[in-house]
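Residue numbers (this note's numbering): 82 to 292.
Backbone N, C-alpha and C define an ideal beta-carbon position, used for all residues, glycine too.
Note that this is a predicted model, so its numbers are computed, not measured.
To keep things clear, I will list the structure first and then write my remarks on it.
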Ligand code: B12
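Put into structure tokens, the structure is as follows:
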């Protein structure tokens, strides 16, 4: 018998192939509301689905527009689940995090999901999205009184650019906690400290590490 994640995966593949965005969103929302999967489990499944779409595009089996369409449907699902994040969130932990990707890094869907993980853990969460210039990040950190910044890189190229970005950020705000992650860090993080590279599984327990 297929698991709830496998069942949702297969239904979403069908709905996306049928260009039925509303149907895809409805089935994902029903799955969370029924308790069959929680939001992180839905996000993990969606990330796997997109990796498959990307592999299919690379193999020449999926058109660019189809990849964009699947990504857009998945983003709509993530946003549609957002009210449920507030319903399922832990008690507020009195910590604030700002999330962004560095200039020219447009892969921000993973970061969007990470924002919800922080919200579920009780953090005040401000997602600033993709390609944020450092000066704007610094202004946001001050205005929003952030305790921590979370940055994401998908490609190796953007991981290299992130190094300088983080060095400048740390020099400008030495007391700020800075975490990085994303696909560019999935296999190793040479040149980065263990403390800075965030393990997604530790998010529920992070508040105690930030004063
Ligand atoms: C969607 C997508 C796009 C969208 C992005 C939309 C958006 N707003 O995010 C668009 C169309 C903009 C795009 C553009 C490009 N893309 Co693209 N894209 C993808 C695709 C299909 C899915 C990526 C995705 O969203 N995955 C789902 C998310 C949820 O996964 P994730 O980001 O890894 O996040 C998870 C974890 O990594 C983690 N995480 C993420 N951030 C953080 C941060 C922290 C702190 C932590 C703890 C965890 C964490 O949490 C998430 C949940 O598990 C992949 C295919 C694939 N195989 O992945 C290609 C892919 C990433 N793209 C690729 C390429 C080449 C490009 C372009 C260069 C294409 C082009 N010629 O223009 C441009 C580059 C744009 C740029 N400068 O950034 C390549 C990258 C190859 C590489 N590794 O170098 C891929 C792998 C496709 C391929 N097979 O070749 N892309």
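Where does residue i fall in DSSP's three states?
i	result
residue 229	strand
residue 206	strand
residue 246	helix
residue 289	helix
residue 223	helix
residue 253	helix
At which residues does the alpha helix (DSSP H) containing residue i begin and terminate?
i	result
residue 176	From DSSP, residue 176 is part of no alpha helix (DSSP H); its letter is neither H nor E.
residue 146	145-161
residue 274	It is not in any alpha helix (DSSP H) - residue 274 carries neither H nor E in the DSSP assignment.
residue 121	120-139
residue 91	85-98
Which same chain residues, not among the five before or five after residue i, have their C-beta less than 7 Å away from its C-beta?
i	result
residue 285	202
residue 98	none
Using a Cβ-Cβ cutoff of less than 6 Å, which residues in the same chain neighbour residue i once the five nearest sequence positions on both sides are dropped?
i	result
residue 148	134, 138
residue 96	104, 105
residue 189	182, 210, 211
Less than 8 Å between the CB atoms is what I'm expecting for residue i and residue j, so what's the real figure, rounded?
i	j	result
residue 178	residue 229	5 Å
residue 113	residue 123	6 Å
residue 83	residue 198	Not confirmed; about 26 Å, so no contact.
Please list, in chain order, all residues of the same chain as residue i whose beta carbon is under 8 Å from its beta carbon, the five residues on each side excluded.
i	result
residue 278	260, 261, 262, 266, 270
residue 125	86
residue 130	90, 93, 94, 151, 155
residue 163	197
At which residues does the beta strand (DSSP E) containing residue i begin and terminate?
i	result
residue 198	Here residue 198 belongs to no beta strand (DSSP E); instead the alpha helix (DSSP H) covers 190-201.
residue 262	258-262
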